[in-house]
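Colleague: Below you'll find the structure I mean.
Next comes the structure, spelled out in structure tokens:
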């Protein structure tokens, strides 16, 4: 039932918290440097590990990509979604009046990058972590 669906998510949050705690001290840092090197060399693991690592660094690393929360109007006067502007210059795609917006999925570590006309994207003045909490929780969190 519902408890069985929530338990893996709670375990994931607990694991992320533990990893963050370990990485925040010197010995934990050294341990993760070694683990990072090992994972980066394993053929199949490398692909998945690199994707997850890039996603986490995009949200919390020094080169954050998810630091511009925005509301996107899908159709004129229609539904709106909360996402993150990840790229404002799309001239290389011949789309100078468009922006790239990452739309995370609720209760999932997945999402889509979609391209919208700039006039349909409105930046919002809230912390990125609150916007992500709102999206990932299905609109329950993020007060």
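Numbering (our numbering), first residue to last: 1 to 143.
Backbone N, C-alpha and C define an ideal beta-carbon position, used for all residues, glycine too.
Bear in mind that the values here come from a model prediction, so they are computed numbers and not experimental data.
1) For residue 49, which of helix, strand or coil comes out of DSSP?
2) Straight-line CA distance for residue 138 to residue 88?
3) Apart from the five residues just before and just after residue 39, which ones in its own chain have a Cβ nearer than 6 Å to its Cβ?
4) Per DSSP, what kind of secondary structure is residue 17 in: helix, strand or coil?
5) Apart from the five residues just before and just after residue 99, which ones in its own chain have a Cβ nearer than 6 Å to its Cβ?
6) When you compare each of 80, 135, 124 to residue 110 by their alpha carbons, which one comes out closest?
7) Between the alpha carbons of residue 41 and residue 13, how many angstroms are there, rounded?
Modeller: Taking the geometry as given:
1) Counted from its first residue, the chain shown places residue 49 at position 49. Three-state DSSP puts residue 49 in a helix.
2) As a first step, residue 138 is located in the chain shown; it is residue number 138 there, counting from the start. As a first step, residue 88 is located in the chain shown; it is residue number 88 there, counting from the start. Each residue's Cα considered, the two are about 26 Å apart.
3) Start at 1 with the first residue of the chain shown, and residue 39 comes out as number 39. The answer, listed in chain order, is 45, 49.
4) Indexing the chain shown from 1 puts residue 17 at position 17. Reduced to three states, the DSSP call for residue 17 is helix.
5) For this step, residue 99 is matched to residue 99 along the chain shown. Once the five neighbours on either side are set aside, the close Cβ partners of residue 99 are 85, 88, 118, 121.
6) Against the chain shown, residue 110 aligns to sequence position 110. Closest option to residue 110, Cα to Cα, is 135.
7) As a working mapping, residue 41 is identified with position 41 in the chain shown. As a working mapping, residue 13 is identified with position 13 in the chain shown. One C-alpha to the other measures close to 26 Å.
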